[in-house]
Amino acid sequence: MLKHFAKMENLSIDILKDLLLIPSPSGDETTIINKVETHLKDLVDDVFRDVCGNLIAIKRGKTNRKLMLSAHADEVGMMVTYIDDDGFLYFQELGGIDTNLLPGQRVEIHNHQGIVYGIIGKKPPHLQNREAKAKDFEAEDLWIDIAANSKVDAETRVEVGDFITYQTQPIGLNDNVWTSKSLDDKVGLLTLIEVAKSLKNKQPAMNVYFVASVQEELGARGVRTATMNIQPDYGIAIDVTHATDYPTCSPQKSGEIKIGNGVVIAKGPNIEPSLERKLIDLAKQYEIKYQIEPIAHPTGTDANFIQVSGKGVKTALLSIPCRYMHSPNEIVSLLDIAEGVKLLTSLCSIDLDN
Ligand SMILES: [Zn+2]
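Take 0 as the starting number for the sequence shown in numbering that gives the first Met the number 0 and just add one per residue.
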């Protein structure tokens, strides 16, 4: 029985690409939530959205206990704050962005009339003085050029308050390794969809609540109302974590996490020990590749708020290793996502209270 549960169909690259191509800056997740609902609705018994915009899809189990699997739908981005007389746009950052990475990037501005393309400008080296070359940037030092002639011209296409995202396309670097913006946390959404697919025509041991949460990048805001609504017995956040397998990373400081080495099981105060042990035991039993990430503080993920919601929830965190998190070109391995899907699918076959 368990073996059958753990068997996995191949990951759908098409679904992942589809999710990556839908911009979802924090606060503007409706389109991606619609897409996730399209994928989940025929695989579950019930789907609804709460007031904050979280998607909650329920697959009924054999007992009345509740297992919540949460991945966040939003991605980091920016927002237009000001348009100057020459038609250049200024912006605030939405979530944790490395401002020094922004000059030279292409961006999409999401206006109600449609997408406007722009670039974040910076003087070429020929025109820079030495201080400018060495500078750490603040968002207010940078501007977006949409080739407008004037403020009036710019205002025919964009408005203050429009959301902005990076303009990058997903590409495969080799058979398994992909780069794109917003792999954080579209890989989590893919995981939810693939687990739901694996459970098709099966009844899980507990009720499984698939949650696509909003506004995680702004302090895990959406998952709070979703968790209050569901009141789960068990909660697992599915997110990305920092790979430390490239130059200048320090395993002494951050632990040793490698892309392609398996799904990451977190340990620490944010994790309930028996649930963590169950995940490790299942990984060993089914020869699922996994890595351990020690996190000696509340995690910067939905897991933080799931754990202390209501009367408390037994919580775990599964992560996909990711290089260059929050940049326009994050990197993950599909192998790690597949291992995560296998682990969660096998977990769904177990009544965790027995
Ligand atoms: Zn994330």
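For each residue, glycine too, the CB sits at the ideal point set by N, CA and C.
Check	Outcome
Closest by CA to residue 252, which one among 258, 259 and 244?	244
Rounded to a whole number of angstroms, what is the C-alpha to C-alpha distance between residue 279 and residue 248?	26 Å
Less than 7 Å between the CB of residue 241 and some heavy atom of ligand 1, yes or no?	no
Give the single residue among 227, 210, 40 and 258 whose Cα lies nearest to the Cα of residue 235.	210
Quick one: what's got a C-beta closer than 6 Å to residue 3's C-beta in the same chain, skipping five residues either side?	Confidence is the limiting factor: at residue 3 the pLDDT is only 40, short of 50, which leaves the residue's position unreliable, though a coordinate-based value still follows. No residues qualify anywhere along the chain.
Buried or exposed: where does residue 225 fall if 16 or more other Cβ atoms within 10 Å of its Cβ makes it buried?	buried
Here's the rule: buried if 16 or more other CB atoms are within 10 angstroms of the residue's CB, otherwise exposed. What is residue 38?	buried
Inspect the CB distances between the segment 75-83 and the segment 147-165 and report whether three or more fall short of 8 Å.	yes
When you compare each of 310, 58, 291 and 241 to residue 184 by their alpha carbons, which one comes out closest?	241
With DSSP as the reference, label residue 29 as helix, strand or coil.	helix
Mind reading off the beta-carbon distance from residue 325 to residue 75? Whole number of angstroms is fine, and I expect it under 8 Å.	5 Å
Any chance the CB of residue 71 is under 7 Å from a heavy atom of ligand 1?	yes
Give a yes or no on contact between the segment 49-68 and the segment 86-105, applying the rule of three or more CB pairs nearer than 8 Å.	no
Is residue 28 near ligand 1, in the sense that its beta carbon is under 7 Å from a heavy atom of that ligand?	no
Taking the alpha-carbon positions, what's the residue 337 to residue 9 distance?	8 Å
So what's residue 41 in DSSP terms, helix, strand or just coil?	helix
Please return the same chain residues whose Cβ sits closer than 6 Å to the Cβ of residue 258, not counting the five positions on each side in sequence.	242, 320 and 332
Are there any heavy atoms of ligand 1 lying less than 7 Å away from the beta-carbon of residue 184, as far as the coordinates show?	yes
For residue 200, name the three-state secondary structure that DSSP assigns.	coil
Do you know how far the Cα of residue 283 is from the Cα of residue 111?	50 Å
Please determine if the segment 256-273 and the segment 300-309 are in contact, where contact requires at least 3 C-beta pairs separated by less than 8 Å.	yes
Per DSSP, residue 208 forms a beta bridge with which residues?	57 and 67
Would you mind sorting residue 1 into buried or exposed? The rule is 16 or more other CB atoms within 10 Å of its CB.	Because residue 1 sits at a pLDDT of 41, beneath the cut-off of 50, its placement in the model cannot be relied upon, and the point is left open.
Considering only heavy atoms of ligand 1, does any lie closer than 7 Å to the CB of residue 335?	no
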